[in-house]
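Numbering (UniProt numbering), first residue to last: 1 to 200.
Positions of the beta carbon are idealized from the N, C-alpha and C atoms, including for glycine.
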Amino acid sequence: MLSKGSFRKDVTAARMASSSLNLHHLDDPHLKGNPVFQLITEINSQLALFRDLLIHIGTSRDCPELREKIRKLRRMCVDACRNTAQHLLPQIRSAVAEGIPVDNPHLILVFYMCQLFLRELAKCSRLVQLIPMDMSGYFENRAGPSNLGNVISQILLCKTIAPDFNQEEICSIAKDSQELSRLLSEMQEFLPTQDANSGK
Numbered sequence: 001m002l003s004k005g006s007f008r009k010d011v012t013a014a015r016m017a018s019s020s021l022n023l024h025h026l027d028d029p030h031l032k033g034n035p036v037f038q039l040i041t042e043i044n045s046q047l048a049l050f051r052d053l054l055i056h057i058g059t060s061r062d063c064p065e066l067r068e069k070i071r072k073l074r075r076m077c078v079d080a081c082r083n084t085a086q087h088l089l090p091q092i093r094s095a096v097a098e099g100i101p102v103d104n105p106h107l108i109l110v111f112y113m114c115q116l117f118l119r120e121l122a123k124c125s126r127l128v129q130l131i132p133m134d135m136s137g138y139f140e141n142r143a144g145p146s147n148l149g150n151v152i153s154q155i156l157l158c159k160t161i162a163p164d165f166n167q168e169e170i171c172s173i174a175k176d177s178q179e180l181s182r183l184l185s186e187m188q189e190f191l192p193t194q195d196a197n198s199g200k
């Protein structure tokens, strides 16, 4: 079982020692004082923790609680990436439409973090397929990651169907990967040539 104390240690370790991208070189006060940079820093911490938790899949620390933490953190990180990109892109599109040259360091950071996150999602999907977890006891009195399909099936078949956590995770990760790929394509349009080429 993954204790609360153990999980807090994971958070601390991820934030202090396992940062996904090294942001410490960005000493520009304008960057640090920008609310978007705070969002980027939070995404970086979430992504570092996500990578750290994936390491424990298949080890003695693997358990239903760990899988659920990974699922929730994955969704949080996807939402944060989407919201941050949606905050940046309209401003950049407007600047481009007015003929203003765009060199946005925030967009570059979000782009690279989304790239990294997309690779971690591929790893997560493979791990769920190779090392499935029995979540029947954990979700005995709760809904699975996405319960709509089960509810419809129960109505049509007049019987209870246990959610397949692992299969739903694989499908959910695939949808998240598609969304990240779409965001990357949108952001890539406004990146400097060198950074845009690195995403290909």
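Query	Result
So which of R61, L121 and R67 has the shortest CA-CA distance to S136?	R67
Using beta-carbon positions only, say whether M76 and Q115 come within less than 8 angstroms of one another.	no
In three-state DSSP terms, what is T59?	coil
Alpha carbons only, please: which of V36, I40, D103 and I57 is nearest the one belonging to residue 217?	Residue 217 lies beyond the residue range present for the chain, which begins at 1 and ends at 200; the question has no answer from this structure.
Can you check whether the CB of E98 is closer than 8 angstroms to the CB of F50?	no
F117 by DSSP, collapsed to three states: which one?	helix
Could you compute how far the alpha carbon of F111 sits from the alpha carbon of M187?	7 angstroms
Give the straight-line distance between the Cα atoms of K175 and C81, rounded to the nearest whole angstrom.	14 angstroms
With burial defined as no fewer than 16 other Cβ atoms inside 10 Å of the residue's Cβ, what is the status of L131: buried or exposed?	A small correction: the amino acid at residue 131 is Ile; Leu does not occupy that position in the sequence shown. It counts as exposed.
What is the DSSP secondary structure of Y138, reduced to helix, strand or coil?	coil
Could you check what DSSP says for F165 in three-state terms: helix, strand or coil?	helix
Applying the 10 Å Cβ sphere with the 16-neighbour rule, what's the burial state of S181?	exposed
Give me, in chain order, the residues of the same chain whose beta-carbon lies closer than 6 angstroms to that of Y138; leave out the 5 immediate sequence neighbours on both sides.	P64
Tell me the rounded alpha-carbon separation between F117 and I100.	30 angstroms
Can you have a look at residue 225 and say buried or exposed, based on whether 16 or more other CB atoms are within 10 angstroms of its CB?	This structure does not reach residue 225, given that the chain is present from 1 up to 200, and the question cannot be answered.
Thinking just about the alpha-carbon of each residue, which of I92, N166 and N34 is nearest to the one in P192?	I92
How is the alpha helix (DSSP H) around P64 delimited, first residue to last?	P64 to A97
Could you spell out where the alpha helix (DSSP H) holding D52 opens and where it closes?	P35 to L54
Going along the chain, which residues of its own chain have a beta-carbon closer than 8 angstroms to the beta-carbon of I173, five neighbours each way excluded?	R74, L121, C124, S125 and V128
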